[in-house]
Structures are given as C-alpha cells and as structure tokens.
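Okay, structure first, notes after.
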Amino acid sequence: MKYRGIAPTAAVAAVFLLFTTTLWSQEYKTCLFPTIDLSTTEEYGEYQSIITNQLRVELRNARFELIPREQWDPVREQQGVRMGKLYEGNVAVEVARQAGAEIAVVSFYSVDERQLVLEIKCYDVEQNALVTGVFKTARINLSVYNVIGEAVAELIPGIRLIGPPPVNESPVVEKIALLSEDEGADIYLGNEGFVGRIENGQLQLPPIPFAIGSQITIEKRKAAYHTGVETIKLKEPEMLIELKPLRKKARTVTELNWTLGQFMGFGLAQRYYLNPDSFFLAGEHYLYVQHNFADSKPVFHHDLRVLVGGYLFTGPHATLRMNLTTGLGMIATYFWLADQPMYADFYWNLVNFAFELNFRKFLLYIRSEQKYALGVGPANILGREWISAFGEGPTTVTFGVARKW
2 MKYRGIAPTA AVAAVFLLFT TTLWSQEYKT CLFPTIDLST TEEYGEYQSI
52 ITNQLRVELR NARFELIPRE QWDPVREQQG VRMGKLYEGN VAVEVARQAG
102 AEIAVVSFYS VDERQLVLEI KCYDVEQNAL VTGVFKTARI NLSVYNVIGE
152 AVAELIPGIR LIGPPPVNES PVVEKIALLS EDEGADIYLG NEGFVGRIEN
202 GQLQLPPIPF AIGSQITIEK RKAAYHTGVE TIKLKEPEML IELKPLRKKA
252 RTVTELNWTL GQFMGFGLAQ RYYLNPDSFF LAGEHYLYVQ HNFADSKPVF
302 HHDLRVLVGG YLFTGPHATL RMNLTTGLGM IATYFWLADQ PMYADFYWNL
352 VNFAFELNFR KFLLYIRSEQ KYALGVGPAN ILGREWISAF GEGPTTVTFG
402 VARKW
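Under this note's numbering, read the sequence shown as residues 2 to 406, first letter to last.
So, in structure tokens, the structure goes:
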C-alpha cells in the first residue's frame, strides 16, 4: 500500500500519537477525597477546602471523571471509616474500590510553627498501588497559595496509565520512624524541607514513597547544638532509624595540661570561642619547678601566654580534629633564695599544632609548640633564642585534657 502526500514514517507517528492521545483522554473514574488537616490546632483548617477545590479543578481539566461524594460517602459510612482516616492509602483505596473508582486521590497537611507540610498521593485502585505523589513544604504567608497550586499541578503529569505496574518497579518503604535523644530537634529531609520535630524521643516521617535500596539525607537542627547530617540507606519496608546525638555548641573550654620535660609542673588554660567550636581566644598559665633535690635550690617558672587560633579541615562532629594557634607570652622566673631578682622573658609563640580526640564533653590533645624568646627588657635570662624543654631545638610537646562548657 502506498501513502500519497505523506511519508510512511510520518504516518506511523500520526497513528501512535492518535493512540496515545486516545488513551490519555480516557475519563478514569476517580474518587477525590477531602483534604485532611493533621495539625494539632484548627487554626489553619481553611486550607482543606482550598487544596481540595484546586485538586478538583485540575482533575476535571485533565478529563478525570470525579465520582460525586453522594456516591462514595455512603460506602465510607457502611465500612465504618471516619472521614479523618481517608488520608491513609489502604483505607482510601478500599472505599474507592467499593464506589467503583479506578483512581483514588488523597491529600493531607500539617502546620507547625507556621511551617506547612503538604502531601498529595494518587493510587491505582485495581492494583492497590501508589501511582504518584507530591510532597511540598512552605512558610505560612502569601506564597503558600502558590506552593499549593504548584503541588496540585505537579500531580497530574505524574499519573501514569492505569494498568499493571512495570515488572521492574522497585518496592517502596512503607514506614520510617526516627529515634533520637535530642528532644525538640527539627528534622529536615533532603530537598523536601521540614518534616517534623522529635517528640518523646521519636518522629514518624510522613508516608513518602522512597524506593527500597535508596538513600535519604536527614538533617537535624536544635538551638544551642551543631546541625547534624546523616545519610541512611533504606533496606526494609519498615525502617526504625536511631539517629546519632547532636553535639552541643561549646562556648568555653577549661584545660589541664602537662609539658614533656617539665615534669614538676602543670598548666591551666581557658578557651573562649568567638565562633562555637571553631575560632577562639585562650589564656594559659603553666607553673613548673626546676630542682635536682641534691645541691641546689628550686627555681620557679610561671609561663603566661595569650593565644588566638582555630580549627582546620574538620567540623565539630569529627572525632579527630586539628587546630593552629599563635600568640605572645612571658616566662617569669625567680629563685628560692633571698635578695634574688625576678626575671621576665617575653616570647613569641610562633605556631602551635594540636591534634585532638573530640568527644561530646571532653577533649584529649597533643600539641607541638614553637616559642621564640624575644630578648627584650633588662631582666631577661634567655636572650634571643628558641625555647625548648629539651634544651635545644624549637619544639616543645604538651599533652592535655579539656572539658567543654
């Protein structure tokens, strides 16, 4: 057979377009259930009718045949289902099946501290399967109406043709519960935004159809604590996830330390963080004694210094951290003898490298120190030279433990 005025490939494309258009123009019988407000108060109940009405308009424009409420509501009452339960997929699908529908559309939202969390889901009734869903978050202001409109508009293109699901369709996670000791922490889910708050040590995530085997990123926020981020792989239909505890922001740290080669001594220091667990000022006093317990009198040294420093490479949740500090100091020296003067050696603490084991409330550290005596003032002993506990070389090593506050 020959086509006149049209190429064979164009004819095939036209037939395919006609076929797919015919399929999409089918008026699937649809149960659109009222939007459910899951908020703890009734303050934002007005959005129920707004969302439902926008869904009704979009579905009709897309040529879905909406089953009137007068037809499905008696079925709901006969099954003993409360209206407030119609956001649950299995319940909605069963009511829709008894009402003769092919598609069930449910929607629900909650508002907490003026943050709207909205979800719309569409089910294939015959297959009892989720077809598509939309998840949105927004602040309660004028822009919330745009977000609602976007969510409703995004639902329609996501509805695939009714029929058996693809063989390779991945199973989805049905339930995700989070456990955390950080009471009151806000939980954010990847790009979805705020999804809830830890209450009584747990949070049930909204029913988002994540595929088993996929990963989700959970962000935890709480006042006076560092933000925590965890990536979780979803392995089972029902997931119970225990979140790691957040690290409290430290404003000050108290240190106790000891310097190698200065056995008869100890140091006390106090850090003041200008940026929590990041950039800090520190004041330190180290007292040590030189004495051979044989034929000499003891010599006392008070090492006073002020440092400024910060951490490199890793954040406050890291187990191993490194910081650099620099500053100025003075070593006051006096003898256990009468009529002996006190000496003062001012020095530049050129740089200190410290490696810390970072625990929730404590730090353990080892620090390499490079000090250079400036030789200023009339009463100095060292002159201009590197200061070392070993008698030569620029390096001094200090060990310490610290308590965060």
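Note that CB positions come from ideal geometry on N, CA and C, so glycine has one too.
| Check | Outcome |
| --- | --- |
| Does the distance from the CB of G311 to the CB of L364 come in under 9 angstroms? | no |
| How far does the alpha helix (DSSP H) with A152 in it extend, from its first residue to its last? | V145 to L156 |
| Of all the options F356, F360, P317 and K372, which has the alpha carbon lying nearest to the alpha carbon of Y366? | F356 |
| Using three-state DSSP, classify A93 as helix, strand or coil. | helix |
| Cutting at 6 angstroms between CB atoms, please list the residues of its own chain near E135, excluding the five before and the five after it. | A small correction: the amino acid at residue 135 is Val; Glu does not occupy that position in the sequence shown. Closer than 6 angstroms at Cβ, skipping near neighbours: I121, A152, E155 and L156. |
| Can you name, in chain order, every residue of its own chain whose Cβ lies under 8 angstroms from the Cβ of L235, other than the five neighbours on each side? | V174, I177, F211, A212, I213, G214, S215, Q216 and I217 |
| Given a threshold of 16 other Cβ atoms within 10 Å of its Cβ, counted over all protein chains shown, does M477 qualify as buried or as exposed? | Because the chain is modelled from 2 through 406, residue 477 falls outside the range shown and cannot be assessed. |
| List in chain order: all unbroken beta strand (DSSP E) runs of 3+ residues lying wholly within the region 228-259. | 229-234 and 239-243 |
| Tell me the DSSP secondary structure of D304 in three-state form. | strand |
| Please report the distance separating the alpha-carbon of T228 from that of E220. | 7 angstroms |
| Counting only runs that start and end within the region 64-112, where is the beta strand (DSSP E) found for 3 or more residues in a row? | none |
| Drop a sphere of 10 angstroms on the beta-carbon of I388, count the other beta-carbons inside from all chains shown, and report buried for 16 or more, exposed for fewer. | buried |
| Going straight from the alpha carbon of Y289 to that of E114, what length do you get? | 57 angstroms |
| For the beta strand (DSSP E) that N324 lies in, which residues bound it at each end? | L321 to F336 |
| Tell me the rounded alpha-carbon separation between P35 and L87. | 8 angstroms |
| Rank G197, E231, T133 and I382 by C-alpha distance to the C-alpha of L247 and give the top, closest one. | E231 |
| Could you name the residues of the same chain whose beta carbon sits closer than 6 angstroms to that of P172, not counting the 5 residues immediately before and after it, in chain order? | I213 |
| Taking all protein chains shown into account, decide if N353 is buried (16 or more other Cβ within 10 angstroms of its Cβ) or exposed. | buried |
| By DSSP, does V196 sit in helix, in strand, or in coil? | strand |
| Cβ atoms of G81 and A105: under 9 angstroms apart, would you say? | no |
| Which residue wins for smallest C-alpha separation from F109, given the options E386, I37 and V92? | I37 |
| How should P379 be labelled, buried or exposed, when 16 other C-beta atoms within 10 angstroms of its C-beta is the threshold for buried? | exposed |
| Just grab the DSSP bridge partners of V178 for me. | The sequence as given places Ala at residue 178; Val does not occur at that position. Beta-bridge pairing links A178 to Q205 and L241. |
| For A93 and I68, which I take to be in contact (beta-carbon distance under 8 angstroms), what is that distance rounded to the nearest angstrom? | The pair is not a contact, with the Cβ atoms about 12 angstroms apart (cut-off 8 angstroms). |
| Taking G150 as the reference, give the member of P207, Y29, Q72 and R57 with the closest Cα. | R57 |
| Name the one or two DSSP bridge partners that Q371 has. | V352 and T396 |
| Do you know how far the Cα of A63 is from the Cα of T23? | Note that T23 scores 41 on pLDDT, short of 50, meaning its location in the model is unreliable; the coordinates nonetheless yield the value given after this. Going from the Cα of T23 to the Cα of A63 covers about 13 angstroms. |
| Specify the secondary structure class of G214 as computed by DSSP and reduced to three states. | coil |
| Give me the Cα-Cα distance between A189 and E243, rounded to the nearest whole angstrom. | Looking at the sequence shown, residue 189 is not Ala but Tyr. Approximately 15 angstroms, taken between the alpha carbons. |
| Between L117 and T138, which are expected to be in contact by the criterion C-beta below 8 angstroms, what is the C-beta distance as a whole number of angstroms? | 7 angstroms |
| For T399 and L305, what's the separation of their Cα atoms in angstroms? | 15 angstroms |
| Is the Cβ-Cβ distance between A319 and D346 less than 9 angstroms? | no |
| Can you give the Cα-Cα distance for K250 and G316, rounded to whole angstroms? | 12 angstroms |
| Checking the sheet assignment: what are the DSSP bridge partners for D278? | DSSP output for D278 lists no bridge partner at all. |
| Please report the distance separating the alpha-carbon of E285 from that of T334. | 16 angstroms |
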